[in-house]
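Worksheet: the structure to be examined is printed underneath.
In our numbering, the protein residues as written are 455 to 772.
The following block contains the structure:
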């Protein structure tokens, strides 16, 4: 009989430091009174229930309803399952869907190519501690605290066909909000005005956290200011860049307020969010069809949210 090798399972032996830490945590937990434990449990349980009840359950219900033809009137027991028919109808027989996709992509391109670099440029200028920088920071960030609906009304004073500032300066009678050939560009200017301040604040916070020794070392090596920023400072702000990317994408997807107060997302201002609202709470009352549109938005958003979370968790492990 041949001898069989003896295989022993490797067992991780806790280090003294890990054992001490575990014992310290257990000791602190034992020192907590019953009231403290109840309070801690409630502090964890209540937010978790709110997130599940207000975020996850509605999202799951939206995905499930996207496979039905429910109109929101009959009881849930009479809902008919139609599978992927709503998604097929959205792509093939719903004319506003393609313009809405194009406008959302145009919204994303305008924010990412124009507004985001301009906000970063303003952050670089303000990081130099210019005279009156506090005033400029406040003035540029002020639009961020305003809702997009209010911004739409503010820019109405500029875009008004009869009494608007822009037509008065140009000597024209253009209906900047009503003409389907130009209204999307007018709305993008208003949305970009708000987006610039937000991006400026994010990059300004990131620039304050960059180690000054990196810039000093680059200056000693003879690097120009622009080269130092793009080759040294910008790569160091990788977490901020990921956050800006995710924020910009989500802003372009959830854009709603501005176009809704203008013409409810019609006549050249079609957006996916406006189509969802028009089908779910509008006159059509097609809950299943609107849920399919909302699910498409959810899937696209989850891609970038996952990217953001993966980056944050990777940074926390370092």
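Note that CB positions come from ideal geometry on N, CA and C, so glycine has one too.
Item: State the Cα-Cα distance for the pair residue 726 and residue 755, rounded to the nearest angstrom.; Value: 12 Å
Item: Residue 489 by DSSP, collapsed to three states: which one?; Value: helix
Item: If you count every other CB in all the chains shown that lies within 10 Å of the CB of residue 550, and 16 or more means buried, which is it?; Value: buried
Item: Using DSSP's beta-bridge definition, name the partner residues of residue 522.; Value: 535
Item: Consult DSSP for residue 588 and reduce its assignment to one of helix, strand or coil.; Value: helix
Item: Tell me the rounded alpha-carbon separation between residue 730 and residue 604.; Value: 21 Å
Item: Using 8 Å as the threshold, is the stretch 609-617 in touch with the stretch 520-537, meaning 3 or more CB pairs across them?; Value: no
Item: Is it right to say residue 515 is buried, meaning 16 or more other beta carbons lie within 10 angstroms of its own, or is it exposed?; Value: exposed
Item: Going by Cα to Cα distance, which pick from 654, 670, 758, 676 is closest to residue 571?; Value: 654
Item: Our contact map puts residue 663 next to residue 594 with C-beta atoms below 8 Å; I'd like the distance itself, whole angstroms only.; Value: Actually they are not in contact, since the Cβ atoms of residue 663 and residue 594 sit about 20 Å apart, beyond 8 Å.
Item: In the DSSP assignment, find the unbroken alpha helix (DSSP H) run with residue 557 in it and report its ends.; Value: 551-564
Item: If I follow the unbroken alpha helix (DSSP H) through residue 711, where does it start and stop?; Value: 711-717
Item: In whole angstroms, what is the alpha-carbon distance linking residue 698 and residue 677?; Value: 27 Å
Item: So residue 605 is in the alpha helix (DSSP H); what residue range does that whole segment cover?; Value: 602-613
Item: Apply the 10 Å Cβ neighbour rule to residue 768 and answer buried if 16 or more other Cβ atoms are within range, or exposed otherwise.; Value: exposed
Item: Let's see if you can read the secondary structure: which residues bound the alpha helix (DSSP H) around residue 575?; Value: 570-580
Item: Give me the Cβ distance between residue 544 and residue 732, rounded to the nearest whole Å; I'm assuming they're in contact under 8 Å.; Value: Contact flag wrong, Cβ pair sits at about 13 Å.
Item: Which complete alpha helix (DSSP H) runs does the stretch 616-695 hold, if anything under 4 residues is left out?; Value: 619-624, 637-662, 666-674, 679-682
Item: Along the chain, which unbroken stretches of the alpha helix (DSSP H) at least 4 residues long are found entirely within the stretch 717-761?; Value: 726-734
Item: Is the beta carbon of residue 739 sitting closer than 8 Å to the one on residue 525?; Value: yes
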